[in-house]
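One structure is given below, encoded as structure tokens.
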Amino acid sequence: MKNWIEVFSIVDFVSVGILLTAVALNGMRRLESSVKAYAVNSWLLSALIGIVAFMIGESHLYAASLVTFISKGVVIPIFLRKIVREMKVTHEVEPYISNALSLTISGLLVAIVYASLKEGIFITGFSRNVLQISLAVILIGLFTMITRRKAITQVIGLLFMENGLFLAGFSLTYGMPMIIELGVLFDMLMGIIILGIFAVQIKRAFASSDLDKLTILKG
Amino acid sequence: MITILLIPVVTAIICYLLKGHRLTGYVSMAGSLLLALASIPVIRDAFSSGISEAGLLYMDGLSAYIMSLVIFLGIASAIYSIHYIDHELHVGLIDKDGIRRYYGLFHLFVFTMLLVTVSNNLALMWIAIEATTIVSAVLIGLGYTKRPMAIEAAWKYIILCTVGITFALLGTFITYYASISVRGTEGILNWTELRKVAPGLNPSTMKLAFIFVLVGYGTKAGLAPLHNWLPDAHSEAPSPISALLSGILLNTAFYGIMRFLSIVEPSTGSLFTGNLLILFGLISTGISSVFILVQENYKRLLAYSSIEHMGIISLGTGIGGPFALYGALLHILNHSIAKPLMFFASGMIQAHYGSTRIDRVKGVLSRLPFLGTLTFLGALSLAGSPPFNIFISEFTIFKAGADKGLWPVVGAFLVFVVVVFYGILSGFSRILFGNSETETQGLRIEGSGAVLQRFVMFVMAAVVLILGIWIPDFIDSAIWSGVRSILGEGVR
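In structure tokens:
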């Protein structure tokens, strides 16, 4: 079985899946599909942790995989979907740049990461590609945050960044001690809930979910 | 140490459950006083030698120093809040539920900041710093039903700080990774242990980690060019919360950078870290001096002044060496007394005049002599004029820089400081002097809350003045103890 994982390079397949869901985010207009993309991304992340746990036989990583699945793969997507429905905004209307262009740019970001990490100061245990992919996901998440107008899309960009960050941390160190992982996840969960509440409040106070309207405070 | 962490949590729960709003205010005050009493013996022990508990918690001079500031400002803000919240309720900016939430979150906020100062584990410290963001964002956006600006400010604050601090977590991961390659098996995150192996950590990995951490915690500490959230959050938050944000939250984030510094420096050498900190300090001071000149809102003016002072602290830390660090720590103390005093005063001015615009407020000194005098003293101190406390610490830092021969840096800073001096004094003299044409709303000044409010501001103004002339021995030895914990033992 362990042999089988290596022969078919399952780890690479799963991590490429993580990358592809992040890239696909840039081609999406419906907010609910972005939430789905995030859910799939988290499932793949949790699956990757589970597979590596099986490969190296670390039992505490199974728990990490499970916790990731529950919090990022189930709770946060359900919460986000509820917010999206409550706000009655279904589409990202007129992003700052077109979907085609942002797909191109996110492809370029991946290329840049691969080109700049070619030498590889980091030797990771289980795959050559995971660190590059995780940094690419972080950058794509950041890029999404800059180029989209809706409050919810910004939150989703932030979530993708954090998934990329978890992947990077995992590929560097095989995960942090369990108590730390739990603390980080708890913080994240609280942060997302509060962002969701504020997103609804923005919609109420400014009669729009576009962040362009937030221009009272400057200078 | 655990008791210290428990008291604010218990106070928060009690405050949230209580019904009467006056009573809640006094309970919250009692809670912070109790916290101070309980913490005195622990802090005194920590100043003489490091104490650790339960593996995850650790206190030494530096943590004790920042912790005592958190506790002191917690008391001051809790006392000030009583009358402030009373007034907000009176003018309808907050409702009864809002008050319960306010006091509950207030003490949770204090708890998260205390947790930052006592955590030995770098990741636990990250968790605590992120928790301060979340709790204070809710506090900033609390009045949202009436003021859309507050939501805007809170949104910007939480998004920018969370993205920023994500990079700090990456830096923490990289540090963990570097420690694995030293230790071979298990990585370590406890900074007491990391400091022992620090000289052996891979320098290029640690450089990368430090850049991420500096960007991450620097966002939270309000270092330019990552400061955009700060003026909005500070000007829109309720005044006691602005005081806490500016007086101590920025310092707790900077404390994170100082902790990393003592791990990174033995590996990379002090030139790399020092230059980065000096660069960020220069940019912060430069940008804020420009914005202070053109500011039309006195709360935003104070916020930009916070960025300037964080820049000076960053400069002092970057110059390095015992005397510059002494100056930086003294500056943290001075700034976190003078700035909250000014935010308290501006909260009262806002309550009287109903506006935070400089051109709508005139003649505070003639109309409200007590408040005007305190504001005047605070403004002089913030501008850095002798004989006030901030002058002493700025002078110490510049002297240390000049001794190291960093003339271009010190010269540039002097120019910015002069610009800020003019900006702050011209802004506040427009508020303080002249005759008021606008009618004041007339704050209700009866009640013990108002007396306490005046008392706490008077005490802070007195401290500002006294520290400019004479630094008491216990503060002196506390600062040296903090310097020792950044540099390692053997300094004086």
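Protein sequence lines correspond, in order, to chains V and Z. Residues in the first sequence are numbered consecutively from 1, following this note's numbering. Residues in the second sequence are numbered consecutively from 1001, following this note's numbering. Every residue, glycine too, gets a C-beta built ideally from N, C-alpha and C.
C-alpha of Z/Thr1112 to C-alpha of Z/Ala1131: approximately 6 Å in a straight line. Closest in C-alpha terms to V/Asn26, from the list V/Trp4, V/Ile56, V/Tyr174 and V/Ile140, comes V/Ile140. Assignment of Z/His1227 by DSSP, reduced to helix, strand and coil, places it in the coil class.
Under DSSP, the beta-bridge partners assigned to V/His91 are V/Arg30.
Residues Phe1047, Gly1061, Ala1064, Tyr1065 and Ser1068 of the same chain have their beta carbon placed closer than 8 Å to that of Z/Ala1478, with the five preceding and five following residues left out of the count.
Leaving aside the five residues that flank V/Thr90 on each side, the residues in its chain whose CB is nearer than 8 Å to its CB run, in chain order, Arg30, Leu31, Glu32 and Val84. Taking a C-beta distance under 8 Å as the contact criterion, Z/Gly1222 and Z/Leu1073 do not qualify as a contact pair. Here DSSP, grouped into helix, strand and coil, assigns Z/Leu1368 to coil. Counting only residues of its own chain and dropping the five nearest sequence neighbours on each side, Z/Gln1453 has a CB closer than 8 Å to the CB of Ile1079, Tyr1080, Ile1082, His1083, Tyr1084, Phe1344 and Met1348. Minimum Cα-Cα distance from Z/Glu1308 among the listed residues Z/Phe1210, Z/Val1415, Z/Ala1178 and Z/Phe1370 corresponds to Z/Val1415.
By the rule that beta-carbons nearer than 8 Å mark a contact, V/Gln201 touches chain Z. Taking 8 Å as the CB threshold, Z/Gly1320 stays off the interface with chain V. For Z/Leu1250, the enclosing alpha helix (DSSP H) begins and ends at Leu1250 to Thr1268. Here the C-alpha atom of V/Gly50 lies approximately 54 Å from the C-alpha atom of Z/Met1342.
Z/Tyr1176 reaches chain V at Gly169, Leu172, Thr173 and Met176, counting residues in chain order whose Cβ is nearer than 9 Å.
At least one CB of chain Z lies nearer than 8 Å to the CB of V/Leu217. The residue from Z/Ile1043, Z/Arg1100, Z/Phe1212 and Z/His1331 with its alpha-carbon nearest to that of Z/Thr1273 is Z/Phe1212.
The C-beta of V/Leu158 comes closer than 8 Å to at least one C-beta of chain Z. Contact note: V/Met161 reaches chain Z through Val1163 and Thr1166, using a C-beta cutoff of 8 Å and chain order. For Z/Ile1188, there is no enclosing alpha helix (DSSP H), as DSSP marks it with neither H nor E. Collapsing the DSSP output to three states places Z/Met1059 in a strand. At a Cβ-Cβ threshold of 8 Å, Z/Asn1120 and Z/Leu1056 count as neighbours.
The count of Cβ pairs closer than 8 Å, one atom from the segment 63 to 80 of chain V and one from the segment 164 to 178 of chain V, reaches three, so the stretches are in contact.
With a threshold of 16 other beta carbon atoms within 10 Å, Z/Ala1383 meets it and is buried. Counting other Cβ atoms within 10 Å of its Cβ, Z/Val1070 reaches 16 or more and is therefore classed as buried.
Using a CB distance cut-off of 8 Å, V/Phe143 does not count as an interface residue toward chain Z.
In this structure, Z/Gly1327 places its C-beta atom within 8 Å of the C-beta atom of Z/Gly1316. The three-state secondary structure of Z/Glu1296, taken from DSSP, is coil. Between Z/Val1361 and Z/Leu1371, the C-beta gap is not smaller than 8 Å, which leaves the two residues out of contact. Of all residues in the segment 1204 to 1233 of chain Z, only Ser1204, Thr1205, Leu1208, Pro1231 and Asp1232 come within less than 9 Å of chain V when Cβ atoms are compared, listed by chain position. Cβ-Cβ separation between Z/Ile1165 and Z/Lys1220: approximately 6 Å, consistent with a contact (criterion under 8 Å). The segment 1251 to 1265 of chain Z makes no contact with the segment 1027 to 1041 of chain Z: fewer than 3 CB pairs, one atom from each, lie closer than 8 Å. The Cβ atoms of V/Ile133 and V/Ile18 lie closer than 8 Å to each other.
Around Z/Pro1008, no beta-carbon contact reaches into chain V at under 8 Å, the shortest distance being about 17 Å. Rounded to the nearest whole angstrom, the C-alpha separation of Z/Leu1432 and Z/Ala1351 is 15 Å.
The residues Pro1387, in chain order, have a CB closer than 7 Å to that of Z/Ile1469 in the same chain once the five nearest residues on each side in sequence are set aside.
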